[in-house]
Amino acid sequence: MDVSVKRWSMIRPAQDTPKERQWISNLDVEALSKTLVQFYPMAGRLGRDENGRLEILCNAEGVLWIEAETTSAMDDLDGFTPCSKLRKLVPTADYSGDISSYPLIMAQATTLKCGGVCLGIATHCTLADGTTTFHFINSWSEMARGLPQISMPPLINRTLLQARVPPIPRFHHLECDLPPSLNTSTSLGPNNHKPSTISIFKIT
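Numbering-wise, the sequence shown is residues 1 to 204 according to our numbering.
In structure tokens, the structure reads:
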């Protein structure tokens with residue numbers, strides 16, 4: 001499959017977004033830009049804090065948008081059965097530079113010979129899991145359909161994952177208790193012997 005890139009651009013959020021750090025067709029493009037306002041970490045870049053820990057820099061650098069075309073038709077894709085040629089429909093990044101230059105989301109709209117369009121999306125594994133990625137794509141499609149707002153805005157609150165110093169457990173964890181001590185002469189002390197009864201049973 002031959003795929004030639006016609007144009008690429010960096011799509012940034014349509015409005016100003018918070019500048020912060022967190023740890024760890026024209027209609028389509030416009031909808032993507034509007035969606036990035038709510039999902040603003042996805043328009044950011046990777047970085048490292050003063051301790052070298054990986055974090056997401058929410059700096060509105062944008063999502064890589066690629067428009068491409070191919071000489072293949074929909075019938076040539078074998079029902080989108082996973083194979084190496086389908087990888088050409090998904091954008092790839094040049095990871096030879098500094099991590100702060102990598103877009104965290106890349107989207108490629110490829111026009112097929114038959115007139116169909118394939119949208120390939122790649123997300124950085126540090127940014128989101130599959131559920132979050134589908135949430136982003138569904139929200140993007142809502143904006144592309146002309147809905148006034150996203151039906152389920154993302155919850156971007158990292159304090160839910162933040163460890164407390166020192167840790168403060170909220171309830172008693174039985175699995176963390178020490179096992180009960182055995183009543184041995186050592187545990188009872190030299191002057192605290194308990195009487196013992198020994199019985200022998202004969203099983204017939």
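All C-beta atoms in this analysis are idealised placements derived from N, C-alpha and C, irrespective of residue type, glycine included.
Notebook entry, point to check: For lysine 6, which residues of its own chain have a beta-carbon under 8 Å away from its beta-carbon, when the five flanking residues on both sides are left out?
Noted result: Reading the sequence shown from its first residue, position 6 is the one you call residue 6. Glu67, Ala68, Glu69.
Notebook entry, point to check: Could you give the distance in angstroms between the alpha-carbon of isoleucine 156 and the alpha-carbon of proline 179?
Noted result: For the purposes of this step, residue 156 is taken as residue 156 along the sequence shown, with counting starting at 1. For the purposes of this step, residue 179 is taken as residue 179 along the sequence shown, with counting starting at 1. So the two alpha carbons sit approximately 40 Å from each other.
Notebook entry, point to check: Counting only runs that start and end within the region 110–141, where is the beta strand (DSSP E) found for 3 or more residues in a row?
Noted result: Within the region 110–141, the complete beta strand (DSSP E) runs of at least 3 residues are 117–123.
Item checked: Of the listed residues Lys88, Asp177, Trp65, Phe39, nearest to glutamine 149 (C-alpha basis) -> The sequence position of residue 149 within the sequence shown is 149, counting from 1. Measuring from the Cα of glutamine 149, the nearest candidate turns out to be Phe39.
Next item on the list: Evaluate contact between the region 92–104 and the region 42–49, counting only Cβ atoms and requiring at least three cross-stretch pairs below 8 Å.
Entry: With a cut-off of 8 Å, the region 42–49 and the region 92–104 count as touching, because enough Cβ pairs lie within range.
Margin query: Taking its Cβ as the centre, do 16 or more other Cβ atoms sit within 10 Å of aspartate 215, making it buried, or is it exposed?
Written below: No answer is possible for residue 215: the residues shown for the chain start at 1 and end at 204.
Next item on the list: Give me the Cα-Cα distance between isoleucine 24 and threonine 111, rounded to the nearest whole angstrom.
Entry: Position 24 of the sequence shown, counted from the first residue, corresponds to residue 24. Position 111 of the sequence shown, counted from the first residue, corresponds to residue 111. Since pLDDT at isoleucine 24 reaches only 42, below the 50 mark, its modelled position is unreliable, and the value read off the structure follows with that caveat. The alpha-carbon separation between isoleucine 24 and threonine 111 amounts to approximately 34 Å.
Check: For threonine 204, which residues of its own chain have a beta-carbon under 8 Å away from its beta-carbon, when the five flanking residues on both sides are left out?
Finding: Counting from 1 along the sequence shown, the entry for residue 204 is found at position 204. Answer for threonine 204: no residue qualifies.
Item checked: Contact check, phenylalanine 89 vs glycine 120, beta carbons under 7 Å -> Working through the sequence shown from its first residue, we reach residue 89 at position 89. Working through the sequence shown from its first residue, we reach residue 120 at position 120. According to the sequence shown, residue 89 is leucine rather than phenylalanine. With contacts defined as CB atoms closer than 7 Å, leucine 89 and glycine 120 qualify as a contacting pair.
Item checked: Test item: CB-CB of methionine 106 and proline 91 under 7 Å -> Along the sequence shown, read from residue 1 onward, the residue named residue 106 stands at position 106. Along the sequence shown, read from residue 1 onward, the residue named residue 91 stands at position 91. In contact: methionine 106 and proline 91 (Cβ atoms closer than 7 Å).
Check: Apart from the five residues just before and just after glutamate 142, which ones in its own chain have a Cβ nearer than 7 Å to its Cβ?
Finding: Counting from 1 along the sequence shown, the entry for residue 142 is found at position 142. Answer for glutamate 142: Ile150, Ser151, listed in chain order.
Next item on the list: Taking 7 Å as the cut-off, decide whether the C-beta atoms of isoleucine 11 and glycine 62 are in contact.
Entry: Position 11 of the sequence shown, counting from 1, holds the residue named residue 11. Position 62 of the sequence shown, counting from 1, holds the residue named residue 62. With respect to the 7 Å criterion, isoleucine 11 and glycine 62 are classified as neighbours on the basis of their beta carbons.
Item checked: Beta-bridge partners of glutamine 108, as assigned by DSSP -> Taking the sequence shown and counting its residues from 1, one reaches residue 108 at position 108. Looking at the DSSP assignment, glutamine 108 forms a beta bridge with Ile66, Gly120.
Check: Cα-Cα, which of Ala109, Leu127, Ser72 is closest to leucine 57?
Finding: Locating residue 57 in the sequence shown gives position 57, where the first residue counts as 1. Distances from the CA of leucine 57 to each of Ala109, Leu127, Ser72 were compared; the closest alpha carbon is that of Leu127.
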